[in-house]
Structure formats: structure tokens, C-alpha cells
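The opening position of the sequence shown corresponds to residue 1 in UniProt numbering, with each subsequent residue numbered one higher. We treat Cβ as the ideally placed atom computed from N, Cα and C, and that holds for glycine. Here the structure is laid out as C-alpha cells; the discussion comes afterwards.
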Amino acid sequence: MSSGGASGGSSPRPTIPSPRPPRVPAAEIIQINGRKVLGPPANWEGPPPSNLCELFVRKIPRYLTEDDILPHLLRFGEIYEFRLMMEFNYANRGYAFVRYAQEVDARRALEVLNHFYIVPGRTLEVQRSFDKCRLFIGNIPKRLSEEELEESFKAVFPSMCKLITLKRISDGENNRGFAFIDFRSHEDAVEVKKQVSPGTIKMWGQDLRVAWANPERPAEWEAVSKTKTLFVRNVGLDITPKMFYEILTPIVKRTDIMKVSRVREFAFIDFVTRTAAEHALERLQGTKMQGYTLHFEWAFPPSMSSENKLQSCDFDAVLRLKCIANYWEVPVIIFGRIFEVEQLQYAAIIVRTVSQVRAFFFEVHINPSTDIQSRMCEVAALLIDRFGGLPPYNFVIVIKDSKALIVGMFGDFANRTFIKAEPIERNMFVYCEELLDLCQAVFVLSLMTQEELYSSYQRALTTPHGVLASAPFFNGRMFACLNANYRHRPPLKYNIDNRQIILVLCSLYTGSNFVFPNIQPIVWNLKDSGNAKIGIANVPFSILNLVPNRYASVGERNCVSVVRHGKIYDWVICSAAAQKLEGPCIE
């Protein structure tokens with residue numbers, strides 16, 4: 001499958017299409033020291049996997065057992081070790097550690113599992129375990145030196161591996177009243193945190209505050225693994241870039257150092273190669289310079305700021321990850337008719353499980369700067385999060401700017417009965433025929449299996465007309481297939497199942513979703529309950545807040561504000577070939 005979505009080419013086998021998790025032999029689980037442990041594998045050779053392979057899993061319902069949890073972890077790859085923390089009453093303590101044999105499997109699990117509902121309404125929270133190996137200690141007497149602090153803390157916390165203190169820049173002699181303590185594993189840090197519950201410990205006649213250190217900025221594995229810049233803390237005001245060169249050149253070649261920059265009590269060291277940066281990080285950690293202990297770490301690229309990450313968020317990918325995480329089928333996106341004068345596009349998204357079909361119907365007010373597909377998927381993902389799984393209704397939603405209005409629902413796809421939300425106290429008009437046709441489209445597609453639909457979609461992408469041949473025509477409409485590459489978005493990471501199905505509901509007579517026979521469309525006023533085929537039920541009218549418009553697109557050509565059948569951004573009818581097609585037709 002080519003980058004960005006489905007196409008006619010070949011692709012590597014997706015890693016996580018599995019409809020059901022694998023089973024775990026109970027004999028492999030042992031209980032020891034208040035935890036249930038799986039692994040290491042009996043045939044394992046060599047050193048254990050690094051900390052990069054370990055994940056911390058929390059928010060586990062306490063009544064679940066390892067048999068309820070492990071199968072969902074095993075689908076991402078071989079597990080080197082799994083540790084589920086237990087209470088004395090045999091309930092779990094709400095968290096576990098899983099170390100995969102391969103780093104890429106840990107990355108894949110982290111990407112997917114935060115979207116997984118371990119029980120209805122409750123997702124797991126998964127993070128890299130080495131992110132939470134640091135405790136913050138506050139209210140420390142400022143008269144104490146780093147050596148005194150380290151000696152005292154090691155006596156209380158023997159599992160600590162590093163103390164980080166920052167001197168006061170004003171005098172360079174005393175600490176700043178706080179310190180950080182690093183541990184080799186998150187498990188060690190958790191045990192220490194429990195010992196000082198509820199978060200205080202008495203030392204030097206004072207109550208010291210103990211808390212988790214604020215997590216560093218969230219980092220993408222690939223970005224951190226490629227950076228060639230080191231960030232240095234606790235740099236004295238009198239330390240110059242020249243002094244850094246003096247401690248660097250015995251370790252790496254002078255030509256491997258690009259630049260040393262100073263910013264207040266921090267410094268940045270840019271290297272030519274990643275290897276040189278890794279060597280310097282390993283050799284220089286904890287180096288003292290003019291009485292200051294330097295602390296080296298990887299610098300995060302500017303693109304990883306929270307604003308840039310929000311701006312680059314593709315909710316289409318988020319929705320697909322939710323489906324993969326919960327063993328749901330590939331979401332199907334249907335773009336309906338465009339009303340050029342009113343600047344509206346109608347569309348629907350289908351999400352299916354093995355037992356039910358759920359659909360979201362949209363009237364989208366076109367904004368030239370907003371990615372319409374990502375915007376619709378944002379609403380669907382938001383509603384899934386709100387209900388803790390697939391919503392109980394097939395909602396009809398109006399998207400305008402950064403708001404989504406729930407205006408009704410369809411109760412039955414076959415009967416196409418629209419049920420309005422209450423109360424709607426102002427005039428609100430929708431094109432009822434387009435909503436009804438989209439509902440009929442969902443019903444037609446729901447009669448096909450996932451395999452039938454995807455195979456037919458793939459075949460259609462290789463034909464000149466791109467019509468979904470296996471789906472019947474209805475009400476003068478047909479399904480055209482749109483290649484997911486039209487959005488120019490990258491595929492899901494780590495070889496995760498990247499299949500997509502994007503359809504366009506076109507006129508059978510024009511082969512277009514924006515030029516239709518000259519018939520005046522019917523409009524419903526949702527404020528009026530007297531319209532035909534409108535029912536009334538207890539569906540509350542509500543408004544959802546979405547990501548601001550300025551974050552709802554990702555640069556030129558990644559933003560497709562309207563989808564027309566044929567060439568994107570082309571107002572000309574590109575294919576009227578559907579009139580010549582022979583195929584099934586239903587009215």
C-alpha cells in the first residue's frame with residue numbers, strides 16, 4: 001500500500017489486523033513478591049531488552065486478571081516480561097509493566113493502546129516507563145551542599161541512581177530548595193513514592209515534599225532518535241562556550257562539533273553526527289565545571305512543541321487507531337453532495353464492529369482552510385470518547401467553524417427515519433434528501449462484509465471510472481471510489497494496518513457529486529416537527545467544541561476543504577461514464 005492510504009499497489013502485511021487477541025497459557029504466569037509475572041522467555045539469549053522496550057500501563061480496573069489484560073498486549077509482538085502489581089486481597093493494584101522483546105513493538109503498542117477500551121467506558125493509559133523514573137523533592141534546606149544531599153538521600157532511598165540539584169545562579173553556593181532523584185526503573189520509583197505516601201518525608205527537621213517530577217515535553221520516538229543536539233542544565237554564568245570545547249575535544253573530534261550556544265543557565269551543543277552526540281552524552285554526564293554539576297539530555301526538536309503537535313494532528317488517523325485498538329473494522333468515509341452556493345458538503349462515516357453498524361452523518365460548512373475529512377473524524381472520535389465506545393445513536397451533526405451541533409439521529413437505516421434533537425429553538429435548515437440518500441448508502445454498504453467492500457474498493461481504484469461495482473445503484477446515485485492519497489498524508493506508523501475506504505456518493509447521470517439534474521432539493525426546517533419522516537425522541541440538542549480552525553489543517557495541499565468526484569479542486573465534470581455502466585440498480 002502506498003504512502004498515505006489505499007491504492008492499487010502491493011503493500012507489506014499490516015501488523016495489527018487481528019480481530020481477536022491471542023490466548024495466554026496460564027502455566028506461564030507465576031506470582032512472586034506481590035506481583036504476577038510472565039517471562040522472561042525460557043529460550044532468551046543475550047542481555048534483556050533496553051528500557052526503551054518497556055511500557056507502564058495504568059488505569060487497569062482492579063477486578064481484572066492477567067488473562068483479561070495480556071492478550072491485548074501480546075498482539076503487538078513478543079513480550080519479554082509482564083509484571084502486574086497485586087494487592088493482598090488478590091485484586092490488582094491498577095497498573096502493570098510490559099517489556100517487549102523489540103523496541104518497534106513497544107512503539108506500536110504505545111501508539112494504539114491509549115485508544116483501547118479495556119472495559120466499556122474506560123481506556124488504558126500507556127506511557128513509556130522510563131518517562132516516570134524521576135521524583136521531585138521540595139522544601140530542602142538551601143544551606144545543604146550537593147554532596148550532603150546525595151549522602152542523606154542514598155541512605156533513605158537506596159535504589160536511587162542519580163541526584164540532580166541546581167545551584168542558585170546568584171551566588172553559586174547553595175541549592176535552590178529542591179532536587180530531583182532518578183531511579184533505574186519506573187517500578188523502583190513507584191515503590192519509593194508509596195513509601196512516602198501521602199507525599200511527605202521528614203528530614204533535617206523539615207517536611208520535604210515528594211511528588212512525581214513534571215513530565216518532560218512529550219517526545220516522538222523517531223524525532224528524539226534522530227536529534228543530534230544535547231541540552232545542558234545547571235550551567236554557571238561564568239562558563240563559556242570555549243570551556244565546553246575544552247571538555248568535548250578529548251572525547252569527540254573537533255570537526256564533529258557544530259556549535260555550542262549559551263542561554264542563561266542552559267547550553268545547547270550541536271553535533272555533526274548522532275554517534276558523536278551519543279558518545280558525548282555517555283561520557284560527560286555528571287561532569288563538574290567550576291563547581292557546577294552539568295546535566296546532559298537530548299534536546300527536543302522545535303517541531304515537537306504542543307502547538308505544532310496540535311496543528312499536525314490528523315484526526316482521520318486518530319479514528320483509525322481507535323478502530324484498530326478496539327478490534328473494530330476499517331472506518332468507511334462517504335462524501336455526499338456539495339451545495340456550491342450555500343458552501344455545504346454532506347458526508348457520513350461508518351464504523352462497524354462484528355455485531356453492529358454505527359454511522360455519523362454530517363452537514364459541513366466549507367471552510368477553505370480546514371481539512372474536511374480530519375474535521376469529521378475529529379467529531380466521530382470525540383463522540384466515541386464521550387460515550388466510552390461506539391455511541392448508542394447514529395447522530396446527525398452540523399459542523400460550522402470550530403463547533404459541532406448534534407441536531408438529530410437516524411434510528412433505522414432501512415426505514416430512513418430521521419429523529420430530530422430537542423430542543424431546537426431557532427430555524428435550522430438541512431437538505432433532507434441528501435441525508436436520506438446517505439442513510440440509504442449506509443444501509444447498502446452494511447449488507448456487504450468488510451472483505452467484500454475493501455476488495456471491491458481496491459479493484460475500483462484500478463479502473464478508469466472508479467465506480468464501486470459490487471454496490472447497487474439507488475435513487476439515481478452510485479458509489480465512486482477516491483484514493484486516500486488525495487490528502488497527501490503519511491501512513492500510520494510502525495506498519496500498523498493502514499487500510500482506508502473513501503467513497504463519493506455521485507449522481508448516476510453526471511458521475512459527479514456537485515452537478516445534479518435540475519431538480520429543486522427539498523429542505524427541512526429542524527425547528528418544525530411537522531416535516532414528513534421526522535420523528536421525535538429523547539435526543540438532546542448539544543454543541544461540541546472542536547480544535548480551533550487555525551489548527552484544523554496542515555499546510556498547503558494537505559488541506560482539502562471540499563471533495564468532488566474527479567480531480568480535486570476541479571470544477572469540471574471529470575467522468576460521466578457511469579451512464580454507460582451496466583450494473584444492478586435499486587430504487
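Hey, out of K403, I334, F387 and C313, whose CA is closest to A441's CA?
-> Residue 441 sits at position 441 when you count from the first residue of the sequence shown. Out of K403, I334, F387 and C313, I334 has the C-alpha closest to the C-alpha of A441.
Pull up the DSSP beta-bridge partners for N545, would you.
-> Along the sequence shown, one-based indexing puts residue 545 at 545. Per DSSP, K403.
When the cut-off is 9 Å and only beta carbons count, does G466 lie next to chain D?
-> Absent here is chain D; the protein component of the structure consists of one chain.
Could you name each continuous alpha helix (DSSP H) segment of 4 residues or more that falls completely within the UniProt domain "RRM" (228–301), going from the start of the chain to the end?
-> 241–248 and 274–284
Closest to L390 by CA distance: which of R122, L73, P47 and R264 is it?
-> As a position in the sequence shown, residue 390 is number 390, starting the count at 1. Nearest option by C-alpha distance: R122.
I324: buried (16+ other C-beta within 10 angstroms of its C-beta) or exposed?
-> Taking the sequence shown and counting its residues from 1, one reaches residue 324 at position 324. The residue in question, I324, is buried, as its Cβ has 16 or more Cβ neighbours within 10 Å.
Would you mind working out which of P331, E378, I239 and V357 sits nearest V364, comparing C-alpha positions?
-> Within the sequence shown, the letter at position 364 stands for residue 364. Closest by alpha carbon: E378.
Any idea which residues DSSP pairs Y95 with across the strands?
-> Here residue 95 is taken as the residue at index 95 of the sequence shown, counted from 1. In DSSP, Y95 forms a bridge with R58.
Give me whichever residues DSSP pairs with S507 in a beta bridge.
-> Residue numbering aside, residue 507 sits at position 507 when the sequence shown is read from its first letter. Paired residue(s): R477.
So what's S306 in DSSP terms, helix, strand or just coil?
-> The count along the sequence shown starts at 1 and reaches residue 306 at position 306. With a pLDDT of only 46 at S306, under the threshold of 50, the placement of this residue in the model should not be trusted; the figure read from the coordinates follows. In the structure shown, S306 sits in a helix (DSSP, three-state: H, G or I).
Looking at C-alpha atoms only, which residue of Q290, V210, Y431 and T200 is the closest neighbour of I247?
-> Within the sequence shown, numbered from 1, the residue matching residue 247 stands at position 247. Measuring from the Cα of I247, the nearest candidate turns out to be Q290.
Quick one: using the 10 Å Cβ neighbour count with 16 as the cut-off for buried, is I349 buried or exposed?
-> Residue 349 sits at position 349 when you count from the first residue of the sequence shown. Residue environment analysis places I349 among the buried positions, since at least 16 neighbouring C-beta atoms fall within 10 angstroms of its C-beta.
If we count Cβ pairs, one from each stretch, closer than 8 Å, do we get three or more for the segment 63–81 versus the segment 89–102?
-> yes
Are S159 and E54 touching if we call contact CB-CB under 9 Å?
-> As a first step, residue 159 is located in the sequence shown; it is residue number 159 there, counting from the start. As a first step, residue 54 is located in the sequence shown; it is residue number 54 there, counting from the start. Contact flag unset, no.
Grab me the residues of P12's own chain with a C-beta within less than 7 Å of its C-beta, minus the 5 sequence neighbours each way, in chain order.
-> The residue you call residue 12 lines up with position 12 of the sequence shown. Note that P12 scores 42 on pLDDT, short of 50, meaning its location in the model is unreliable and no value can be drawn from it.
Could you tell me if Y245 is buried or exposed, where buried requires 16 or more neighbouring beta carbons within 10 angstroms of its beta carbon?
-> Here residue 245 is taken as the residue at index 245 of the sequence shown, counted from 1. It counts as exposed.
To the nearest angstrom, how far is it from the Cα of R274 to the Cα of E78?
-> Within the sequence shown, the letter at position 274 stands for residue 274. Within the sequence shown, the letter at position 78 stands for residue 78. Roughly 29 Å separates the two Cα atoms.
With C-beta atoms as the reference, is F541 less than 9 Å away from I397?
-> By one-based count along the sequence shown, residue 541 stands at place 541. By one-based count along the sequence shown, residue 397 stands at place 397. Going by C-beta atoms, F541 is not nearer than 9 Å to I397.
By DSSP, does Q203 sit in helix, in strand, or in coil?
-> Here the question's residue 203 lines up with position 203 in the sequence shown. Going by the sequence as given, residue 203 is Met instead of Gln. Residue state, collapsed to three classes: strand.
Through-space distance from V407 to R426, alpha-carbon basis | Along the sequence shown, one-based indexing puts residue 426 at 426. Along the sequence shown, one-based indexing puts residue 407 at 407. Approximately 12 Å, taken between the alpha carbons.
Mind reading off the beta-carbon distance from S470 to E452? Whole number of angstroms is fine, and I expect it under 8 Å.
-> Taking the sequence shown and counting its residues from 1, the one referred to as residue 470 is at position 470. Taking the sequence shown and counting its residues from 1, the one referred to as residue 452 is at position 452. About 6 Å separates the two Cβ atoms, so the contact holds.
Where does E422 fall in DSSP's three states?
-> By 1-based counting over the sequence shown, the position of residue 422 is 422. The answer is strand: DSSP assigns E422 an E or B state.
Start and end residues, alpha helix (DSSP H) containing A460 | Against the sequence shown, residue 460 aligns to sequence position 460. Unbroken alpha helix (DSSP H) run through A460: Q450 to L461.
What do you get for W204, buried or exposed, if any count of 16 or more other CB atoms within 10 angstroms of its CB means buried?
-> To locate residue 204, count along the sequence shown from 1; it is residue 204. Result: exposed.
Assuming V210 and L135 make a contact with CB atoms under 8 Å, what is their CB distance in whole Å?
-> Against the sequence shown, residue 210 aligns to sequence position 210. Against the sequence shown, residue 135 aligns to sequence position 135. About 6 Å separates the two Cβ atoms, so the contact holds.
Take the Cβ of L447 as the centre, count every other Cβ of all protein chains shown within 10 Å, and call the residue buried at 16 or more, exposed below.
-> As a position in the sequence shown, residue 447 is number 447, starting the count at 1. So L447 ends up on the exposed side.
In its own chain, which residues sit with a C-beta less than 6 Å from the C-beta of I30, not counting the 5 before and 5 after it?
-> Locating residue 30 in the sequence shown gives position 30, where the first residue counts as 1. If we look at I30 and ignore the five residues flanking it on each side, its Cβ neighbours are V37.
Roughly how many angstroms lie between the CA atoms of L438 and N114, to the nearest whole one?
-> Within the sequence shown, the letter at position 438 stands for residue 438. Within the sequence shown, the letter at position 114 stands for residue 114. Going from the Cα of L438 to the Cα of N114 covers about 32 Å.
Rounded C-alpha distance that separates D188 from R358 | Taking the first residue of the sequence shown as 1, we reach residue 188 at position 188. Taking the first residue of the sequence shown as 1, we reach residue 358 at position 358. The straight-line gap from Cα to Cα measures roughly 44 Å.
Helix, strand or coil for A348 per DSSP?
-> As a working mapping, residue 348 is identified with position 348 in the sequence shown. In this structure, A348 counts as strand in the three-state DSSP scheme.
Rounded C-beta distance between L294 and N234? I'm assuming under 8 Å.
-> Counting from one through the sequence shown, the residue named residue 294 turns up at place 294. Counting from one through the sequence shown, the residue named residue 234 turns up at place 234. Yes, L294 and N234 are in contact; Cβ-Cβ is about 6 Å, under 8 Å.
Rounded to whole angstroms, what's the CA-CA distance from M409 to D105? Just pull it up for me.
-> Numbered from its first residue, the sequence shown carries residue 409 at position 409. Numbered from its first residue, the sequence shown carries residue 105 at position 105. Each residue's CA atom was taken as its position, placing M409 and D105 some 40 Å apart.
Got a sec? Which residues, its chain only, sit under 6 Å from residue 590 by beta carbon, not counting five neighbours each side?
-> Past the edges of the chain, shown from 1 to 587, lies residue 590, and the structure says nothing about it.
Within 10 angstroms of its Cβ, does G388 collect 16 or more other Cβ (buried), or is it exposed?
-> What you label residue 388 is simply residue 388 of the sequence shown in a count that begins at 1. Exposed: under 16 other Cβ atoms inside 10 Å.
Name the DSSP bridge partner or partners of G39?
-> By one-based count along the sequence shown, residue 39 stands at place 39. Beta-bridge pairing links G39 to no other residue.
Mind checking which residues open and close the beta strand (DSSP E) that includes E103?
-> As a first step, residue 103 is located in the sequence shown; it is residue number 103 there, counting from the start. Note, E103: premise wrong, no beta strand (DSSP E); alpha helix (DSSP H) at E103 to L113.
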